[in-house]
Structure formats: C-alpha cells, structure tokens
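As numbered in my numbering, residues 2 to 574 make up the first sequence, in order.
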Amino acid sequence: MQTIKEILSSRLRAAFAAAFPEADLSALPLDAVPAAGESFGDYQCNAAMAASKILRQPPRAIAEQAVARLDATGLLARADIAGPGFINLTLSDDALARHLEALQADALLGVPRPGDGKTVILDYSSPNVAKPMHVAHIRSTVIGDALKRIHRALGYTVLGDNHLGDWGTQFGILIMGYRHFLDPKALETSPVDELQRVYVLSHQQCEEDPAWKDQARAELVKLQAGDPENRALWQQFIDLSLAEFNRIYARLGVSFELVRGESFYHDALPGVIEKLQSLGLVRESEGALVAFLDDEKLPPCIVRKSDGGYNYATTDLATVFSREAEFHPDAIVYVTDERQQLHFRQFFAVAKKAGAKTHLRHIWFGLMRLPEGLLSTRKGTAIKLDLLLDEAERRALEIVKTASPDMPEDQQLAVARAVGIGAVKYADLSQNPQSAVTFTWEKALAMDGNSAPYLQYAVARIASVIDKHQERFPGVDFMQEPISLDSPHARRLALRLARHADAVLDAAAQEKPSLLADHLYDLSQAYSSFYQNVPFLKAEAGLRESRVRLCDLAAKILRHGLTLLGIDTPERI
RNA sequence: GCGCCUGUAGCUCAGUUGGAUAGAGCAUCGGAUUUCUAAUCCGGCGGUCGCAGGUUCAAGUCCUGCCAGGCGCGCCA
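Structure follows, in structure tokens:
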C-alpha cells in the first residue's frame with residue numbers, strides 16, 4: 002500500500018515530466034512534503050523554485066504549468082501556488098477519509114515492506130562481563146532494540162546479536178582478584194558487583210606490584226591455553242553476568258536472537274591474520290602486525306599485538322566473516338557510543354579490502370554523562386540501571402495509586418511497570434541518538450508532556466471510549482459507518498494518522514527511532530485535542546460511530562508505533 | 001597538532017537534509033471538568049539560532065575563519 006506522500010510525489014513527478022518533457026529534472030526535490038503550516042494546505046512541493054535555473058523560467062510560471070498537468074483525481078481538493086512558487090496541496094476530505102479506512106482494513110496499517118527478503122544483523126547492547134550495567138548502557142540497548150523492531154516491521158529479517166565483552170586481558174586480572182579478595186557471601190547476593198569489586202582491587206595491585214601483574218598475565222595465558230580451572234572460572238563469570246543482564250533485559254523487554262561474545266570468534270583469529278597476510282594487507286611494524294590505511298586517510302589498524310595477542314579489530318573482522326558465511330546478511334549495523342567511530346572506520350576499511358561484501362554501518366550515539374562529569378564505575382558515579390528502573394516503577398506506582406485508587410493492586414503494579422519502564426525508554430528514544438545526553442533523574446523519569454505516559458494515556462482513553470461505546474450501544478458496529486472528517490480536530494488527527502507509514506520508513510532510513518517517537522507524540526497531541534474538543538458518545542447516531550471508528554484507528558496506530566519503540570500500552574491506566 | 005561531534009527560549013530538546021511568520025516539553029502566568037479517564041485541553045510570556053564573513057531567489061541548515069565545550073588519534077574495547 003502506498004502512502005499519501007508517495008502517491009502525491011509520483012503524481013507531481015508525472016506532472017513535471019509532462020510539463021517539461023525535454024528537461025532533466027532528476028535533481029529537483031519533486032517529493033511532496035508535509036506543509037510548513039496548516040494555512041498552506043496539507044502537503045507542499047518546493048520544486049518550482051529549484052527548477053527555475055534549469056528551465057530558465059520564473060518559478061511561478063513553472064509551478065503553474067506543473068499544476069495544470071497535475072492529476073487531482075480522487076485525491077486533491079485544491080492545488081495552489083503561493084509566494085515565490087510553492088505548490089500547496091490540500092487533500093479532499095473524502096480522499097483522506099477513504100485512505101484511513103484502507104489503513105484500518107490493512108493488517109500492516111499501511112506500512113510497506115521494502116525489506117522483504119533482506120537480512121540485517123544488528124549488533125547492540127554488548128556489555129562487558131563482570132561489570133554491572135549502568136544507566137549509560139541503556140542507550141545502545143534500547144536504541145538497538147527499537148531499530149530491530151522498526152526494521153522488522155518493514156519486512157527485514159533482523160538478527161539482534163549481543164556481542165558480549167567476554168574475552169581479553171581483563172580476565173587474568175579478574176581471576177587474580179577472585180582468588181585473593183573474594184567474599185563468597187557477596188558473590189551470592191550480588192555477584193556482578195562482587196566481581197567488579199575484586200577486579201578493581203586486583204587492578205590496583207597490578208599497578209603497584211609488577212609480580213602481581215605478571216601473575217595476572219600468566220593466568221590469562223593459562224585461560225587462553227584452555228586450562229580447565231581458569232576456564233571454569235571464566236565460564237562462571239559469564240554465567241553470573243549473563244544471569245544479571247538477562248534480568249535487566251527482561252525488565253526492558255529486550256531480547257536477542259544471538260548472544261555471541263568475543264570469545265565465540267577466538268578460534269577464528271589466526272585464520273583472519275593468515276587471510277590478511279595472504280592478501281598482502283598487513284605488515285610488521287614495531288613488532289606488531291599492522292594494516293596501513295593511507296589510501297583511506299586513516300591511521301593504521303593493529304591486528305596483532307607485539308606480544309602475539311589479538312585485539313578487538315581482529316575479533317571484529319572475524320565476526321564479520323563468520324556472519325557473512327553463516328547468515329549472508331545484506332547489512333550489519335553496529336550500535337555503539339561515539340568514541341568508537343574511528344575504530345569502525347578503520348576496521349570497515351580493512352574488512353572491505355579483505356573482501357567483505359556486506360554493507361557495514363556504524364550507528365553511534367552521544368555519550369551519557371552526569372551534570373558533574375563523566376559516569377565512572379571506578380569513581381562510583383555510575384548509576385546502576387536496576388536502580389533507575391526501580392525508581393521509575395516506584396514513581397509510576399505513586400501516580401497510578403492516586404489517579405486510579407480503585408484499580409486492583411496487581412493491576413496497579415503492572416501499569417506502574419509499563420509506565421515506569423516506558424518513561425525511561427522513551428526519554429532516550431525520543432532524543433536524537435547522536436546528541437550527547439546529560440543524565441538527570443528528573444529527565445529520565447519525566448512522566449508528563451512529551452513522554453511515554455502521555456502516549457500510553459491516550460491509548461488507554463481510547464480503549465475506554467470503545468468499551469463504553471459497546472456498553473451503551475450494544476450491537477452497534479462502528480466499522481459499518483464511514484469515517485467522516487467533520488471538524489478541524491478530526492482532520493488534523495487524520496493527517497497525522499496518514500503519515501504513520503512515512504514516519505516508520507524515515508526512522509529506518511535514518512536509523513533514528515526519535516523520528517518515530519516525534520511522530521507519535523504529534524499524533525497523540527492531535528488525538529488529545531480531538532478527544533477534548535469533540536464529543537463522541539454524546540454525538541448523534543452515525544456521527545458517533547464515525548468518530549469512534551477514527552478513535553479505533555488512532556489506538557491501532559499508536560499501539561503499533563509504541564510497540565516498535567518497545568513500549569507497552571496497557572488497556573487501562 | 002590532526003580528525004569527528006556539539007553550540008537554537010530561563011532549563012531540556014525538535015527542526016522533515018536549502019524553503020514561507022524558527023517549534024515542543026518543563027518552568028511560569030491565566031482559563032476549561034454536572035459530559036467519553038484533568039497523567040488532559042485552550043491561551044499568554046519567553047529567540048541577535050555561539051560570533052564574523054561568504055555562497056543564492058531563499059541559510060538554524062551549505063562553505064571559510066574564529067570562540068566555547070565534548071570525544072578520539074598503533075598494541076583497551
């Protein structure tokens with residue numbers, strides 16, 4: 002199903018082509034875009050001004066010729082020319098209403114499936130073993146999960162892969178810490194905190210005591226050589242960490258199709274080096290094996306350290322080759338913070354030279370910091386993610402209890418969970434991923450204005466309207482009544498509903514869930530205004546059903562969009 | 001030193017990739033509920049878009065130079 006924007010755009014294209022058959026108009030912005038303001042109509046086209054140079058005619062004259070050939074059949078009420086040459090398009094109420102009815106009849110709500118037959122691997126969250134997840138981890142986790150849901154809605158086969166940090170030098174240090182500083186009781190009550198604690202102590206010892214450091218390195222070598230005792234410890238660290246991560250993922254409603262940490266690729270690393278060597282892509286430098294990227298104007302990329310060990314670039318290369326061989330993805334998308342931009346550009350360049358065919362893309366997001374500075378586990382300024390989620394649910398429960406005192410307690414708790422977690426996720430998703438985030442409790446837990454609870458509230462109110470309609474008018478099927486857009490409020494809402502598919506497409510194309518969140522907020526505002534200013538159940542029969550039907554579509558689309566952001570929509574709030 | 005990013009209302013952020021009078025939320029001030037959930041709605045206040053040039057019909061958006069801040073720049077990931 003085509004969106005209204007797509008239909009308008011193709012008709013505009015045809016009109017310009019018919020009006021100016023000899024000209025090359027491919028560089029023009031021929032798409033219809035939402036109008037800048039309500040007074041300018043519903044959509045507008047800005048191509049005439051840009052065409053002025055190519056066609057050597059005044060823009061208004063160009064616009065007039067295009068409009069004269071524009072097919073308005075069954076779609077437009079009017080097409081006006083304004084200002085220097087804007088083409089302002091106003092849909093007919095009838096066309097808009099019929100389009101909404103088509104959306105309502107479509108199981109996919111008019112969202113197209115350009116991704117059918119394509120596979121994307123999304124690499125996100127990827128916490129380090131033996132470190133607790135703190136508030137900064139929410140960004141990769143929640144943005145990655147939303148991107149996965151959005152791509153899936155567009156037909157892509159998406160594999161979410163949690164590329165855990167489960168291999169590397171830190172394990173030698175951790176094993177030493179575990180052997181010397183462990184408090185078994187603490188390990189039982191909060192295992193990851195305890196692993197973190199002994200790691201920090203051991204790390205300090207390393208800096209003060211060279212013998213300790215040597216021993217840590219020796220333990221690492223033993224681990225990597227397959228020593229059963231160290232191997233068992235290492236596995237225990239992973240199991241304990243994963244158990245805690247999974248608790249948090251369950252709270253967040255986030256899941257993965259694959260959980261393959263760095264260690265999964267360990268055995269493939271020597272093969273990667275051989276491949277790079279046989280292709281002549283690397284050479285020795287200062288004892289290390291290095292890929293030089295002068296042609297790409299990038300700094301050199303180390304693929305084997307001077308001590309013979311491998312590093313993250315090697316692992317990442319092995320991961321790409323492994324994924325290509327096993328899943329044949331069309332694209333691999335990494336969601337990490339901004340600090341890794343250079344690393345990804347380097348390793349993408351090496352991968353490409355080594356024959357990787359997959360489209361590799363790095364989606365980076367801004368760092369999260371506190372008003373007083375960076376989040377640091379060592380300085381103790383990091384806020385644990387669990388704590389934030391607890392607080393969000395607590396505050397939501399307070400509000401639920403005052404707003405809905407008659408609700409059964411277990412339902413209050415369920416609503417508080419959906420609202421609290423939703424608020425935290427939305428606070429992150431509604432923001433441009435690439436802007437840096439300063440964490441404040443107030444912002445992360447915002448529950449009014451532009452927030453998940455505002456959207457959830459709109460959905461709950463609609464559910465209530467539909468229930469009441471059934472109660473008061475049993476046997477009356479509102480779906481039998483055509484949608485009529487008889488008020489400015491209804492019309493504004495209708496336009497937002499018609500834009501939904503475009504918003505999903507934009508969010509995927511630009512890898513920005515915030516575009517979808519913005520759209521859903523605008524849609525909710527339009528609905529709330531409609532709700533407040535237009536009576537439904539008190540309206541005369543017929544009109545009443547038409548309005549309830551519009552409510553039903555609004556609820557469907559809001560639920561659809563919120564689900565794509567990973568936010569639950571309780572039927573009652 | 002080089003590279004990437006950021007600077008928009010008192011605060012937190014949008015700004016459809018160059019389009020019309022720069023928009024929201026929070027805060028603040030005023031109004032709306034015998035009516036479908038007031039976690040709402042309607043309105044007011046609030047801006048030299050960091051600064052200075054440039055490109056053109058049109059610049060918050062592109063180019064150059066400054067200023068301020070963040071991040072990164074061979075053996076951590």
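We treat Cβ as the ideally placed atom computed from N, Cα and C, and that holds for glycine.
This one's a predicted model, so the numbers in the text were calculated from it and none came from an experiment.
Helix, strand or coil at residue i according to DSSP, with G and I counted as helix
i	result
GLY173	helix
MET369	strand
ASN534	helix
ASP411	helix
HIS164	coil
TYR179	helix
GLN45	strand
VAL477	coil
PHE21	coil
PRO35	strand
ARG362	strand
Distance between residue j and residue i (C-alpha atoms, nearest Å)
i	j	result
VAL273	PRO434	33 angstroms
ASP519	GLY356	39 angstroms
GLN471	PHE479	9 angstroms
LEU544	PRO536	10 angstroms
GLY423	ARG560	13 angstroms
ALA393	LYS54	56 angstroms
LEU160	ARG284	35 angstroms
GLU541	LEU31	43 angstroms
ALA73	ARG61	19 angstroms
ALA499	THR4	7 angstroms
PRO514	ASP569	16 angstroms
SER525	TRP235	49 angstroms
GLY86	ARG99	30 angstroms
GLN342	ARG362	11 angstroms
ASP449	GLN412	21 angstroms
ALA326	PRO211	43 angstroms
VAL193	GLN481	58 angstroms
Unbroken beta strand (DSSP E) run spanning residue i, endpoints
i	result
ILE333	332-338
THR320	Careful: THR320 lies outside any beta strand (DSSP E), inside the alpha helix (DSSP H) at 313-328.
ARG305	299-305
GLU482	GLU482 -> no beta strand (DSSP E), and no H or E assigned at all.
SER256	From DSSP, SER256 is part of no beta strand (DSSP E); its letter is neither H nor E.
VAL142	In the sequence as displayed, the identity of residue 142 is Thr instead of Val. Counting along the chain, THR142 falls outside any beta strand (DSSP E), though it belongs to the alpha helix (DSSP H) covering 138-154.
ARG284	283-286
VAL121	120-124
Top-ranked residue by Cα proximity to residue i, from the options
i	options	result
ALA18	ALA52, PHE41, GLU7, GLN45	ALA52
PHE531	CYS552, THR570, ALA502, SER307	CYS552
LYS306	GLU287, PRO300, LEU294, SER323	GLU287
CYS302	SER323, LEU77, THR570, LEU277	LEU277
ARG198	ARG180, ALA212, ASP215, GLU209	ARG180
LEU29	ASP43, ARG14, PHE41	ARG14
SER264	GLU275, ILE249, ALA226	ALA226
TYR522	LEU565, LYS539, PHE474, SER452	SER452
GLU512	GLY42, TRP365, ARG418, GLU275	TRP365
ARG396	GLY421, ALA415, THR320, PRO372	GLY421
THR382	GLN58, ALA137, GLY84	ALA137
ALA219	ASN247, PHE238, LEU175, GLU258	LEU175
SER529	ASP503, ARG493, PHE322	ARG493
PRO300	ARG346, SER323, LEU506	ARG346
ALA67	PRO22, LEU92, LEU109	PRO22
GLN216	GLY178, ILE574, LYS354	GLY178
ASP43	SER465, SER93, ALA49	SER93
MET369	ALA244, GLY118, VAL438, MET408	VAL438
Unbroken alpha helix (DSSP H) run spanning residue i, endpoints
i	result
SER547	544-565
TYR458	453-473
ARG99	94-106
ARG79	Run containing ARG79: none in the alpha helix (DSSP H); it sits in the beta strand (DSSP E), 77-83.
THR190	185-190
LEU294	Unbroken run through LEU294 is the beta strand (DSSP E), 289-294; no alpha helix (DSSP H).
THR403	386-404
ASP215	211-225
ARG493	489-499
GLY272	270-279
Contact test: residue i Cβ vs the ligand ADP heavy atom, cutoff 7 angstroms
i	result
ASN129	For the ligand ADP, the structure offers nothing, since it holds no ligand at all.
- Query: For the stretch 140-153 against the stretch 165-182, are there 3 or more C-beta pairs whose distance is under 8 angstroms?
  - Reply: Result no; under three Cβ-Cβ pairs closer than 8 angstroms.
Notebook entry, point to check: Quick check: the stretch 415-435 against the stretch 483-492, are there 3 or more CB pairs under 8 angstroms?
Noted result: By the C-beta criterion, the stretch 415-435 is judged not to be in contact with the stretch 483-492, since fewer than 3 inter-stretch pairs fall below 8 angstroms.
Check: Are the stretch 258-273 and the stretch 316-333 touching by the rule of at least three beta carbon pairs closer than 8 angstroms?
Finding: Counting Cβ pairs under 8 angstroms, three or more are found: they touch.
- Query: Is it a yes or a no for the stretch 122-130 touching the stretch 331-344, going by three-plus beta-carbon pairs under 8 angstroms?
  - Reply: Yes, since at least three Cβ pairs between the stretch 122-130 and the stretch 331-344 fall closer than 8 angstroms, the two stretches touch.
Open item on the list: Count Cβ pairs between the stretch 348-365 and the stretch 98-106 that sit closer than 8 angstroms; are there 3 or more?
Closed with: Touching, no, given that fewer than three Cβ pairs across the two stretches are closer than 8 angstroms.
*Flag this pair as touching only if the stretch 150-165 and the stretch 187-201 have three or more C-beta atom pairs under 8 angstroms; answer yes or no.*
They do not touch, by the three-pair rule.
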